[in-house]
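Notes follow the structure.
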Amino acid sequence: MRSPLVRWSVLSVSLALALTSCAKGTGGGAAATPSAGQFDPGATFSGSISVMGFGATDEIGTTRVDLAEKALGGAKIKLIEGDLDIQQFLSAVAAGDPPDIIYANRDQIGTFASRGAIMPLTECIKGESIDTSMYNKNALGQVTFGEQIWAIPEFNQVQITMANGDLLKSAGLTIEDVNGSDWSKVTDAAKKLFKAPGGKLKAIGYDSKLPEFLPLWAKANGADLLSADGKKAQLNSPAVVQALEFAVGIYTAQGGFAKVKAVRDSADFFGKGNQFAKNELGAMPMEQWYVNVLNDVSPKAPLVFDTFRTPQGKPLAYSSGSSWAIPKGSKNPGAACRFAKTMTLADTWKAAAQARLDERKADGKPFTGVLTGNVKADAEIEKMLTSGGATWDAGVKAMYEANANTFSLPANPADKEFKDAWQGAVNRVLNGQDEPKAALDKAQQDAQKALDEAWAGWTKRTN
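Numbering (mature numbering (1 follows the signal peptide of the UniProt record, and there is no 0)) for the sequence shown: -23 to -1, 1 to 440.
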């Protein structure tokens, strides 16, 4: 999230005033639900629809946008490129001039729904005959809130373990020492792999990827940051505290987070000079899309892959990703619904995958797959994979295994405030301002207060 909490506070006031007349929307939502007649799989659309937050910058995007435009039967698609600007979006909704559809992170959807900024998709899904069983259950769960679906999920991000095989070998280690299956081994590996000649860190031994991966470490330790109903924060449970202490301890063993971050930030992350190619990183958990990046820019780097594993040795991944939501006041919700449906259909994804496969073949590179958020599409695309050799095939195998063993945080009306609370706690620990227990105690209070207020507001509006 790029917008600070204060922007949310100011904008939510103006948005609430602007949407007061819609506060008693049908179907238990905070925004009025369009009638079923606006959604018809046989309808054709004219004019144009505006799409905010999505840039069709590669063949995966352009292929799907072209098919979506064709499915509209006449309407043109106007892309407002760049990441979703939350302030700009909420201001547009409050002014009554929103885009027709937005591309948002799934962990933003609960907050948007609670503010009346987006509409529930009950009639959209029914009218367009969208089979929601095709979506990854955890991805769909992240956008299901107040017993309604508020967005159509797409893409899925999962983490796998990535390591430099040469550095492991020289330290007498294997991928099993850094895949998370034994936390004491991970700590020992970090100490053996990091390099700091003269006290200056030159190579990170192990990056536990804080603050963003706290949910992953906590879940591996048997803890959920949030209750299944999305109402109770569990940030200072002993298992979460222990997970944070461990993940921060990885940095302490290498001279502290500041030194690790300096090396991390100076890396040519997306280029040939990335940390693995330059022997500046031993291992880390990382989202699966980075396998494609590494294969493109450093195909001969000495990489080793595995799933991220729990201390019991089981694969685990934290599911996150993007989604399509229709703003309150969308001038063409029917076309927006058709767009979201077409962009996430299995046939659309297969066509996009074929476009990428063709391009990879032309470049003499393997097609390593894409995780779509659509389980049927994922199964079909997996059949299209091409081999890049044992190293890259292992990375792809780990990706699909991770995708079959995911969890996610439940949607709730204080999504952003909850995320701010736990990430703020982690950052205070990393910066030396707080100890893990104290930081998480404060985060627990802040998060629970935000949840209680948001749920009370939600209940008041929907009642």
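Don't be surprised by glycine CBs; every beta carbon is placed ideally from N, CA and C.
It should be emphasised that the depicted structure is a prediction, and the values quoted were computed from it without experimental measurement.
* Look up Val281 in the DSSP assignment and say whether it is helix, strand or coil. => In the sequence shown, the residue the question calls residue 281 occupies position 304. Strand.
* To do: Look at the Cβ atom of Gln211, then the Cβ atom of Ser385, and state whether they are nearer than 8 Å.
  => Counted from its first residue, the sequence shown places residue 211 at position 234. Counted from its first residue, the sequence shown places residue 385 at position 408. No, the Cβ-Cβ distance between Gln211 and Ser385 is not below 8 Å.
* To the nearest whole angstrom, what separates the beta carbons of Asn382 and Ala294, a pair I think is in contact under 8 Å? -> Along the sequence shown, one-based indexing puts residue 382 at 405. Along the sequence shown, one-based indexing puts residue 294 at 317. Indeed, because the Cβ distance is near 6 Å, the residues count as touching under 8 Å.
* Asked: What do you reckon, are the CB atoms on Thr164 and Thr284 nearer than 8 Å?
  -> Position 187 of the sequence shown, counted from the start, is the residue given in the question as residue 164. Position 307 of the sequence shown, counted from the start, is the residue given in the question as residue 284. Contact flag unset, no.
* **Local Cβ density within 10 Å of Ser161, reported as buried at 16 or more and exposed below that** => Indexing the sequence shown from 1 puts residue 161 at position 184. Exposure of Ser161 is indicated by the presence of fewer than 16 other C-beta atoms within 10 angstroms of its C-beta.
* Nearest to Asn408 (by Cα), restricted to the options Val240, Thr109 and Gly233 -> Looking up residue 408 in the sequence shown gives position 431. Minimum Cα-Cα distance from Asn408 among the listed residues Val240, Thr109 and Gly233 corresponds to Gly233.
* To do: Return helix, strand or coil for Lys1, following the three-state DSSP convention.
  => Along the sequence shown, read from residue 1 onward, the residue named residue 1 stands at position 24. Summary for Lys1: the model assigns pLDDT 28, below 50, so the residue's position carries little reliability; its value from the coordinates is reported in the next sentence. Note: Lys1 maps to coil in three-state DSSP.
* Asked: Taking all protein chains shown into account, do 16 or more other C-beta atoms lie within 10 angstroms of the C-beta of Thr109, making it buried, or fewer, making it exposed?
  -> Position 132 of the sequence shown, counted from the first residue, corresponds to residue 109. Counting Cβ neighbours within 10 Å, Thr109 comes out exposed, since fewer than 16 surround it.
* **Rounded separation between Ala367 and Ala45 - CA only** => Numbered from its first residue, the sequence shown carries residue 367 at position 390. Numbered from its first residue, the sequence shown carries residue 45 at position 68. The alpha-carbon of Ala367 is positioned some 37 Å away from that of Ala45.
* Asked: What does a CB cutoff of less than 7 Å around Thr151 pick up in its chain, not counting 5 residues either side in sequence?
  -> Indexing the sequence shown from 1 puts residue 151 at position 174. Contacts found: Leu145.
* Segment contact, 8 Å Cβ cut-off, at least three pairs: the region 385 to 395 with the region 347 to 365 -> As far as the Cβ criterion goes, the region 385 to 395 does not touch the region 347 to 365, which means the pair count is below three.
* In the DSSP assignment, what are the bridge partners of Met261? -> Against the sequence shown, residue 261 aligns to sequence position 284. Per DSSP, the beta bridge partners of Met261 are Met139.
* Does the beta-carbon distance from Leu193 to Gln136 come in below 8 Å? -> Here residue 193 refers to the residue found at position 216 of the sequence shown. Here residue 136 refers to the residue found at position 159 of the sequence shown. Between Leu193 and Gln136, the C-beta gap is smaller than 8 Å, which places the two residues in contact.
* To do: Within the same chain, show all residues whose beta-carbon is closer than 7 Å to that of Met261, passing over the 5 residues directly before and after it, in chain order.
  => The sequence position of residue 261 within the sequence shown is 284, counting from 1. These residues qualify, in order along the chain: Met139, Tyr183, Asp184 and Lys186.
* Contact check, Ala197 vs Gly157, beta carbons under 8 Å -> In the sequence shown, counting from the first residue as 1, residue 197 sits at position 220. In the sequence shown, counting from the first residue as 1, residue 157 sits at position 180. Contact flag set, yes.
* Quick one: what does DSSP say Ile37 is sitting in, helix, strand or coil? -> Position 60 of the sequence shown, counted from the start, is the residue given in the question as residue 37. The DSSP-derived three-state label of Ile37 is helix.
* **4-residue-minimum alpha helix (DSSP H) runs that sit fully inside the region 220 to 271, ordered along the chain** => Along the length of the region 220 to 271, whole alpha helix (DSSP H) runs at least 4 residues long occupy 234 to 243, reported in chain order.
* Are three or more beta carbon pairs between the region 330 to 342 and the region 85 to 99 nearer than 8 Å? -> No contact exists between the region 330 to 342 and the region 85 to 99.
* Given that a residue counts as buried once 16 or more other Cβ atoms are within 10 Å of its Cβ, and exposed if not, what is Thr21? -> Walking along the sequence shown from the start, residue 21 turns up at place 44. Answer is exposed; the Cβ neighbour count stays below 16.
* To do: Enumerate in chain order the residues of its own chain whose CB-to-CB distance from Ser214 is below 6 Å, with the five nearest sequence positions on each side excluded.
  => Position 237 of the sequence shown, counted from the start, is the residue given in the question as residue 214. Here the set comprises Ala200.
* What first and last residue would you give for the beta strand (DSSP E) that runs through Glu131? -> Counted from its first residue, the sequence shown places residue 131 at position 154. Counting along the chain, the beta strand (DSSP E) containing Glu131 begins and ends at Ile129 to Gln134.
* To do: Kindly identify the DSSP beta-bridge partner or partners of Thr88.
  => On the sequence shown, position 111 is the one that residue 88 refers to. According to DSSP, Thr88 shares a beta bridge with no other residue.
* Would you call Gln421 buried or exposed, if buried means 16 or more other Cβ atoms sit within 10 Å of its Cβ? -> Start at 1 with the first residue of the sequence shown, and residue 421 comes out as number 444. Buried, by the Cβ-count rule.
* **Extent of the continuous beta strand (DSSP E) run through Gly434** => For this step, residue 434 is matched to residue 457 along the sequence shown. Where Gly434 is concerned, there is no enclosing beta strand (DSSP E), although the alpha helix (DSSP H) around it starts and stops at Pro413 to Thr439.
* **Ala416 beta carbon less than 8 Å from that of Phe395** => The residue you call residue 395 lines up with position 418 of the sequence shown. The residue you call residue 416 lines up with position 439 of the sequence shown. No. Outside cutoff.
* Asked: Going by other Cβ atoms of all chains shown within 10 Å of its Cβ, with 16 needed for buried, is residue 458 buried or exposed?
  -> Past the edges of the chain, shown from -23 to 440, lies residue 458, and the structure says nothing about it.
* **the region 120 to 127 contacting the region 76 to 92, beta-carbon criterion three pairs below 8 Å** => As far as the Cβ criterion goes, the region 120 to 127 touches the region 76 to 92, which means the pair count is three or higher.
* To do: Just the C-alpha distance for Val28 and Ala317, rounded to the nearest angstrom, thanks.
  => As a first step, residue 28 must be located in the sequence shown, where it is residue number 51. As a first step, residue 317 must be located in the sequence shown, where it is residue number 340. The C-alpha of Val28 lies about 10 Å from the C-alpha of Ala317.
* Any idea what DSSP makes of Gln331, helix, strand or coil? -> Residue numbering aside, residue 331 sits at position 354 when the sequence shown is read from its first letter. DSSP places Gln331 in the helix class (H, G or I) of the three-state scheme.
* To do: Would you mind listing the beta strand (DSSP E) stretches within the region 283 to 332 that are 3+ residues and don't spill past its ends, in chain order?
  => Runs of the beta strand (DSSP E) spanning 3 or more residues and lying entirely within the region 283 to 332 occur at 297 to 302, in chain order.
* Asn380, DSSP secondary structure in three states -> The residue you call residue 380 lines up with position 403 of the sequence shown. In this structure, Asn380 counts as helix in the three-state DSSP scheme.
* **Rounded straight-line distance, which links the Cα of Ser300 to that of Ala235** => Working through the sequence shown from its first residue, we reach residue 235 at position 258. Working through the sequence shown from its first residue, we reach residue 300 at position 323. About 34 Å.
* Asked: So the alpha helix (DSSP H) Val28 belongs to, where does it begin and stop?
  -> Counted from its first residue, the sequence shown places residue 28 at position 51. For Val28, there is no enclosing alpha helix (DSSP H); the residue is part of the beta strand (DSSP E) that begins and ends at Ser25 to Met29.
* Is Ile107 helix, strand or coil by DSSP? -> For the purposes of this step, residue 107 is taken as residue 130 along the sequence shown, with counting starting at 1. It is coil, neither helix nor strand.
* Asked: Would you report the Cα separation of Asn272 and Lys255, rounded to the nearest angstrom?
  -> Position 295 of the sequence shown, counted from the first residue, corresponds to residue 272. Position 278 of the sequence shown, counted from the first residue, corresponds to residue 255. When rounded, the distance between both Cα atoms is 15 Å.
* To do: Pull up the distance between the alpha-carbon of Asp74 and that of Ala81, whole angstroms please.
  => In the sequence shown, residue 74 corresponds to position 97, counting from 1. In the sequence shown, residue 81 corresponds to position 104, counting from 1. The alpha-carbon atoms of Asp74 and Ala81 are separated by roughly 18 Å.
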